[in-house]
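These notes are about the structure you will find just below.
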Amino acid sequence: MAKPVLRIGIAGLGTVGGGLLNLLSERPDFAPAGATVTVTGVSARERTRTRAADISNLPWWDDAAALAASSENDVFVELIGGSEGVAKAAVETALRRGKPVVTANKALIAVHGAALAALAEASNTPLLFEAAVMGGTPAVKMLREAMVGDQVEAVAGILNGTCNYILTQMEETGRAFGEVLAEAQRLGYAEADPTTDIGGFDAGHKIAILAALAFGCAPNFAAAEIEGIDQVELLDINLAHDLGYRIRLVAQAERSEAGVAVRVHPALAPLGHPLAETKGALNALFIEGRTIGRIFIQGPGAGAGPTAAAVAADIADIMTGARRPVFQAPAAALAPFAAVDATHAVGRAYLRLLVKDEPGVIAAVSETLAEANVSIDSFLQKPVHDAGGVPIVLTTHATPESALVEAVRRIGALPAVLQAPRMLRIARV
Ligand SMILES: NC(=O)c1ccc[n+]([C@@H]2O[C@H](COP(=O)([O-])OP(=O)(O)OC[C@H]3O[C@@H](n4cnc5c(N)ncnc54)[C@H](OP(=O)(O)O)[C@@H]3O)[C@@H](O)[C@H]2O)c1
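Sequential numbering of the sequence shown, starting at 40, is according to my numbering.
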């Protein structure tokens, strides 16, 4: 008996769209128990652009929303990107018509996920987004499906390959942030406008989605506290290494009685720890389940092939007819999580100071920390620095964030301290 045919429309023919077209032309029967996939329409901005995949025989649509509305496809795949505009309009159009949607668009899901889930569930239509987080590494299905029998307490990981590539290169080649970023842009690892990646916003979108899946709440990107890697200096990478740590951009979401804390910031992970050993453009994620315990996954977080494979896995799910809530809980039960103020967080920190080379400075710093109720765990003083001062670095014991911030303010005001102290958190891993 001939296999059934599933007709799909694809909007967005860039890295991921091109990867998907190539996957489908090579393996239209990729889903072992499912239908044969055929592409019945494509849309992007410029019809004549040279592309990674051949679209010469595919019907072209100027308007992605019109493609989403067309009765010539059964599934709409959105690979344009961006939380607003064309991508949002096209996805809403498909869902209103009861047409299943697959998207890789983390910005859209992180910002409008709850409203889109309501639309999808009102028409009993799947809205799937495996490719939106960790590209080809299946974090979304793991949290939405495989972990549903447990209660997830926390998720934390490295969710932006561009940042991890830059941090790895800085450490391995001894070059400054700006130089490595420029090279990453030349090689195509970083966008021409790198703000979304290096500012931590891309990782923020992804952790907001993972938090929603893990804790059964609405994604709340606006409540995420986000700091990127643009202020990470080579000096800190080297000093952290001397202390036995590696700097990583860590995205984490943690549930407590007070609510959910979602954060992205550069943090020190101990050498030898899986987060510290995740190098280059790889992504990594810890999931902490109350009864299962700790799970760790690591893999590619981007790229045409891995991301297209994740999109294809969602298309295969649609073939099975399985219906699950978009985010673990039904849309009507999704509430934005109560955001926990970061000043209540308790953690260890790394402080780097540049001080005058004179007696009594270290005692003054230690006293100031003690007055702010911050206790020192380790201390490192480096030989005299070219900037006219002496760098000193210390790590603290676990301290409330509010005390750390106050200590940094007081230390910065000491006459012997030559520039504002640099504080980085030590990852709770
Ligand atoms: N790249 C990755 O590895 C990766 C990994 C995970 C998730 N994602 C997500 O996947 C989505 C696509 O990413 P990408 O890297 O493939 O992006 P991309 O290479 O920049 O491609 C974007 C595509 O969207 C089209 N497009 C842009 N604006 C449009 C508009 N106003 N109307 C119609 N089409 C428009 C572009 O058309 P033209 O080609 O004609 O300009 C292009 O084909 C994004 O949501 C991204 O966050 C990407």
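Ideal Cβ placement from N, Cα and C applies to all residues, glycine included.
Owing to the predicted nature of the structure, the values given are computational and were not obtained by experimental measurement.
Review point. Relative to ligand 1, is the shortest distance from any of its heavy atoms to the C-beta of V55 smaller than 7 angstroms?
Key: yes
Check your understanding: Taking Cβ positions, are N163 and R362 nearer each other than 8 angstroms?
Key -> yes
Point to revise | Classification of F216 by the beta-carbon crowding that lies within 10 angstroms, buried from 16 upward | key: buried
Exercise for review: Report buried or exposed for K42, applying the criterion of at least 16 other Cβ atoms within 10 angstroms of its Cβ.
Suggested key: exposed
Review point. Candidates L249, A372, L393 and V379: which alpha carbon is nearest P454's?
Key: L393
Review point. Sorry if obvious, but does the Cβ on I119 come closer than 7 angstroms to a heavy atom of ligand 1?
Key: yes
**Study point:** Rounded C-alpha distance that separates L167 from S414
**Key:** 47 angstroms
Check your understanding: DSSP state of Q291, grouped into three classes?
Key -> strand
Practice item. Compare the beta carbon distance of V432 and A308 with 8 angstroms and say whether it is the shorter of the two. Key: no
Review point. Taking just the CA atoms, how far does Y228 sit from A221?
Key: 10 angstroms
Check your understanding: Three-state secondary structure (DSSP) at Q208?
Key -> helix
Review point. H383 lies in the alpha helix (DSSP H); which residues open and close that run?
Key: Element bounds for H383: n/a, residue is neither H nor E.
Check your understanding: What does DSSP give as the partner residues of P439 in its beta bridges?
Key -> V385
**Study point:** Assumed close pair E160, V365 - CB separation to whole angstroms, cut-off 8 angstroms
**Key:** 7 angstroms
Point to revise | H304 in three-state terms, based on DSSP | key: strand
Check your understanding: In whole angstroms, what separates the C-alpha of Q208 from that of R214?
Key -> 8 angstroms
Exercise for review: Any chance you could list the beta strand (DSSP E) runs of at least 3 consecutive residues sitting entirely within the region 96-149, in chain order?
Suggested key: 114-117 and 140-142
Review point. Which of helix, strand or coil does DSSP assign to I376?
Key: Strictly speaking, residue 376 in this sequence is Phe, with Ile absent from that position. Coil, per DSSP.
Check your understanding: When the Cα atoms are used, what is the spatial distance from L269 to G238?
Key -> A small fix is needed here, since residue 269 is Asp in this sequence, not Leu. Near 7 angstroms, if we compare the C-alpha coordinates of G238 and D269.
Review point. By how many angstroms is the C-alpha of G342 removed from the C-alpha of A72?
Key: 26 angstroms
Review point. Taking 7 angstroms as the cut-off, is the CB of K145 close to at least one heavy atom of ligand 1?
Key: yes
Exercise for review: Taking M186 as part of the beta strand (DSSP E), name the residues at either end of that continuous run.
Suggested key: Looking at the DSSP string, M186 is not in any beta strand (DSSP E), and its letter there is neither H nor E.
Practice item. Kindly identify the DSSP beta-bridge partner or partners of P309. Key: Y284
Exercise for review: Measure the beta-carbon distance from R387 to H436 and round it to whole angstroms, keeping in mind my assumption that it falls under 8 angstroms.
Suggested key: 6 angstroms
Review point. Which partner residues does R464 have in the DSSP bridge list?
Key: A306 and A388
Point to revise | Through-space distance from V140 to P165, alpha-carbon basis | key: 6 angstroms
Check your understanding: Do you know how far the Cα of H244 is from the Cα of S122?
Key -> 10 angstroms
Review point. Between which two residues does the beta strand (DSSP E) harbouring V76 extend?
Key: T75 to S82
Review point. Can you tell me whether H383 is buried or exposed, with buried defined as 16 or more other CB within 10 angstroms of its CB?
Key: exposed
Check your understanding: Counting Cβ pairs, one atom from each stretch, are 3 or more of them under 8 angstroms apart for the region 279-289 and the region 180-189?
Key -> no
Practice item. Just the C-alpha distance for K421 and S295, rounded to the nearest angstrom, thanks. Key: 40 angstroms
Check your understanding: Would you report the Cα separation of A297 and A348, rounded to the nearest angstrom?
Key -> 38 angstroms
Check your understanding: Given P345, which residues of its chain have a CB within under 8 angstroms of its CB, disregarding the five upstream and five downstream residues?
Key -> G174, G175, T176, G338 and P339
**Study point:** Other residues of its chain near T438: CB distance less than 6 angstroms, five sequence neighbours each side excluded
**Key:** V413
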